[in-house]
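Numbering (this note's numbering), first residue to last: 1 to 103.
Ideal placement from N, C-alpha and C gives every residue a C-beta, glycine not left out.
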DNA sequence: CTATTGACGACAT
DNA sequence: CATGTCGCCAATA
C-alpha cells in the first residue's frame, strides 16, 4: 500500500535529499534553500524526522550548517558511524570535512 | 484559529 | 569555544 501521507514540503525535501551522492553531506539550511524556503531549516529537520523511507533516503548525510551532526532517528551515534564509513571525517559529533558538503 | 513542539540558524555574551 | 536568546517555518493537538 503506497499512499502519500506527506505534504509537498516534505516531499520536496526528501527528493532533494535523494540527489545527495554518497561520500558527501548536505545541510538543513541547504535543503531548505533548495525547496525555496531558506529560513525553513527547522521545518526541514522535522520533515526528515517523519521520513518514512529512513534507509531509502540518505537522511544520515544531513548535518547542521555549522558542522554539527544534528540528529538521527536511529541514534546520532549510528549516523556518525555511517558518515565515517562513507568517507566523511567526524570528531565529537562535529563534521570536519566541510569540503565534502554539497552546496 | 491558537498553542506547543522540534533532526535549525544567526547573533550576543 | 560554550551557552543563551530570538527568529523562522511546518506539522500536530
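Inset, instruction - Please name the residue in 4, 31, 7 and 9 whose C-alpha comes closest to that of residue 16. - result: The closest CA to that of residue 16, considering only 4, 31, 7 and 9, is found on 31.
Legend entry - Proximity winner among 87, 38, 34 and 46, relative to residue 61 (alpha-carbon distances): A check of alpha carbon separations from residue 61 across 87, 38, 34 and 46 identifies 87 as the nearest.
Legend entry - Coarse secondary structure for residue 57, derived from DSSP in three states: Three-state DSSP puts residue 57 in coil, outside helix and strand.
Legend entry - Segment contact flag, the segment 72-82 with the segment 37-47, C-beta cutoff 8 angstroms, min 3 pairs: Fewer than three beta-carbon pairs drawn from the segment 72-82 and the segment 37-47 are found closer than 8 angstroms, and the two stretches are therefore not classed as touching.
Inset, instruction - Return helix, strand or coil for residue 35, following the three-state DSSP convention. - result: Taken through DSSP and simplified to helix, strand or coil, residue 35 comes out as coil.
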